[in-house]
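Visitor: Under this note's numbering, the letters of the sequence shown match residues 8 to 403, in that order.
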Amino acid sequence: MIIEPKTRGFICLTSHPVGCEQNVLSQIDYIKSNPTTNGPKKVLVIGASTGFGLASRITSAYGSNASTIGVFFEKPPTEGRPASPGWYNSAAFETQAHKDGLYAKSINGDAFSNEIKAQTLKLIQDDLGKIDMVIYSLASPVRTHPDTGERFKSVLKPIGETFTNNTVDFHTGVVKEISIEPCSGDDIDNTIAVMGGEDWKMWIDLLKSADVLSEDFKTVAYSYIGPSLTEAVYRKGTIGRAKDHLEATAFEITDSLKDINGKGYVSVNKALVTQASSAIPVIPLYISLLYKVMKEEGIHEGCIEQIERLFNERLYAEDLQLDAEGRIRIDDWEMRDDIQAKVLELWKEATTETLPNIGDLDGYKTDFFNLFGFNVDGVDYDKDVNEMVAIPGLQS
């Protein structure tokens, strides 16, 4: 079939297997040229199919020849209907990894559930024995608690008062004011239940109790802080409370791993175009301006560059460069005073008319469609492609 992008709001409803494959191969090539000294060897990536999680799996496998298990929740293809992009990403990664003699297997299902945790544990026990790294990169709007069955839904809202600022519809380029009403009721607790650290700790506790974590084991979860422009709706909003909980959980995990000299870290990463960030009001406009500034300064990074730097300059280097709250800061270039000052000045000038010149909306759009395998250089989108792509290491 010929697959074209079909969008609804901040979601693309289709994905292109060849475009997704090309994206993965490009990331693999980047990591091959930037290997990790003394990197991990047996890695579990929870949320392994897109964004930072996918980049972490690629960096582990091709940076230090690690065996990797990926856990994700993706929609498989059916005749005439493409899979979700993470399915095609994982298929491309595993196909290439197997060609290159690397161990790579995957589990598709709800990572919050006890069943998927148990299945993953058995696979580790059967195939790897012990693992030395867990990457926790789940991005889900809902969570069913595995013990109580209660279903929680996260919300992206300010706390206390209505938030009003500009945003951009990245499809049309129209800059407009948006207002978001404050949270109410159990919104904060529900968001923490979905996006906080409870599930991360459940995974580590299970793996620790089963004695599958090696000496000097590391685990990393991903977070974001962002600028003053977005803090009311992000870091000081409901999602910020969840990130606070996630970051506090890292210390609890480290404490629980003392006997094996294990460590839990949170890495604060740069603002990037992801399926999750596209849904956050204000962020598309901020990223459009940020990209322009960082590209002009020669310090722009995508997911794979961010994670390569995390591994090579922090996790497996002499100095983690932790901040006062004990976090790894790979958002350090984004948050440089000079970068933020320039973005703030551009923000004051941003209108529908000025944005094409002062921002990088084209870069934003390209990155958005790349997430789904579209607008990828070197791909002929007029050709028929086979949507029925299998993931070779998928466990049933």
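The beta carbon of each residue, even a glycine, is placed where N, CA and C say it ideally should be.
Just to confirm, are S71 and T43 a CB contact at a threshold of 8 angstroms?
Guide: In the sequence shown, counting from the first residue as 1, residue 71 sits at position 64. In the sequence shown, counting from the first residue as 1, residue 43 sits at position 36. Yes, they are a contact pair.
Visitor: Taking K49 as the reference, which of Y371, I311, P363 and V141 has the closest Cα?
Guide: Locating residue 49 in the sequence shown gives position 42, where the first residue counts as 1. Considering only alpha carbons, the answer is V141.
Visitor: Using alpha carbons as the reference points, say which of G108, G77 and H23 lies closest to P84.
Guide: Taking the sequence shown and counting its residues from 1, one reaches residue 84 at position 77. Among G108, G77 and H23, the Cα nearest to that of P84 is on H23.
Visitor: Looking only at its chain, what residues have a beta carbon closer than 6 angstroms to the beta carbon of K225, apart from the 5 residues adjacent to it on each side?
Guide: One-based indexing of the sequence shown puts residue 225 at position 218. Cβ within range, chain order: M140 and K270.
Visitor: Quick check for students: name the residue ranges of the beta strand (DSSP E) that lie wholly in the stretch 154-186, counting only runs of 3 or more.
Guide: Whole beta strand (DSSP E) segments, 3+ residues: 158-160 and 170-176.
Visitor: Please work out which residues of its chain come closer than 6 angstroms, Cβ to Cβ, to A239, disregarding the five sequence neighbours upstream and downstream, and give them in chain order.
Guide: As a working note, residue 239 is residue 232 in the sequence shown. Closer than 6 angstroms at Cβ, skipping near neighbours: P165 and F170.
Visitor: Leaving out five residues on either side along the sequence, give the residues of the same chain with a beta carbon under 8 angstroms from the beta carbon of Q313.
Guide: In the sequence shown, residue 313 corresponds to position 306, counting from 1. Result list for Q313: F59, A62, N276, K277, L279 and I337, in chain order.
Visitor: Considering Cα atoms alone, identify which of Y143, Q29, S97 and Q132 is closest to V273.
Guide: As a working mapping, residue 273 is identified with position 266 in the sequence shown. Checked all of Y143, Q29, S97 and Q132; the closest Cα to V273 is Y143.
Visitor: How many whole angstroms separate the CB atoms of I187 and P288, which I take to be in contact at a CB cut-off of 8 angstroms?
Guide: The residue labelled residue 187 in the question sits at position 180 within the sequence shown. The residue labelled residue 288 in the question sits at position 281 within the sequence shown. With 8 angstroms as the limit, I187 and P288 qualify as a contact, their Cβ atoms being about 6 angstroms apart.
Visitor: Would a C-beta distance cut-off of 8 angstroms place K250 and S235 closer than the cut-off?
Guide: Mapped onto the sequence shown, residue 250 falls at position 243. Mapped onto the sequence shown, residue 235 falls at position 228. Against a cut-off of 8 angstroms, the Cβ pair of S235 and K250 comes out as no contact.
Visitor: Apart from the five residues on each side of it in sequence, which residues of its chain come closer than 6 angstroms, Cβ to Cβ, to E28?
Guide: Along the sequence shown, one-based indexing puts residue 28 at 21. Closer than 6 angstroms at the Cβ level, and outside the excluded window around E28, lie A99.
Visitor: Return the chain-ordered ranges of every alpha helix (DSSP H) run that is complete within the stretch 90-145 and spans a minimum of 4 residues.
Guide: You should have 92-106 and 121-130.
Visitor: Please list the terminal residues of the continuous beta strand (DSSP E) segment that includes A228.
Guide: In the sequence shown, the residue the question calls residue 228 occupies position 221. It spans L220 to S230 - the beta strand (DSSP E) in which A228 sits, taken as one unbroken run.
Visitor: Pairs of beta-carbons, one from the stretch 314-332 and one from the stretch 289-306, closer than 8 angstroms: are there three or more?
Guide: Too few Cβ pairs lie closer than 8 angstroms, so no.
Visitor: Which whole-angstrom value is the C-beta distance of S120 and P153, which I expect to be below 8 angstroms?
Guide: Working through the sequence shown from its first residue, we reach residue 120 at position 113. Working through the sequence shown from its first residue, we reach residue 153 at position 146. Going by Cβ atoms, the distance from S120 to P153 rounds to 5 angstroms, so yes, they are a contact pair.
Visitor: Would the beta-carbon of V199 fall within 8 angstroms of that of A118?
Guide: One-based indexing of the sequence shown puts residue 199 at position 192. One-based indexing of the sequence shown puts residue 118 at position 111. What sits at residue 199 in the sequence shown is Ile, not Val. Taking 8 angstroms as the Cβ cut-off, I199 and A118 do not qualify as a contacting pair.
Visitor: According to DSSP, simplified to helix, strand and coil, what is K390?
Guide: Counted from its first residue, the sequence shown places residue 390 at position 383. The answer is coil: DSSP assigns K390 none of H, G, I, E or B.
Visitor: So, for V350: in the same chain, excluding its five sequence neighbours on each side, which residues have a beta-carbon less than 8 angstroms away from its beta-carbon?
Guide: Numbered from 1 along the sequence shown, position 343 holds the residue referred to as residue 350. Here the set comprises P234, L236, Y293, L296, L297 and V300.
Visitor: From the DSSP output, in three-state form, read off G271 for me.
Guide: Counting from one through the sequence shown, the residue named residue 271 turns up at place 264. G271 falls in the strand class under three-state DSSP.
Visitor: Thinking just about the alpha-carbon of each residue, which of E303, L378 and A286 is nearest to the one in V162?
Guide: Counted from its first residue, the sequence shown places residue 162 at position 155. When each option's Cα is compared against that of V162, the closest is A286.
Visitor: Please classify S216 as buried or exposed, where buried requires at least 16 other C-beta atoms within 10 Å of its C-beta.
Guide: Your numbering for residue 216 matches position 209 in the sequence shown. Exposed.
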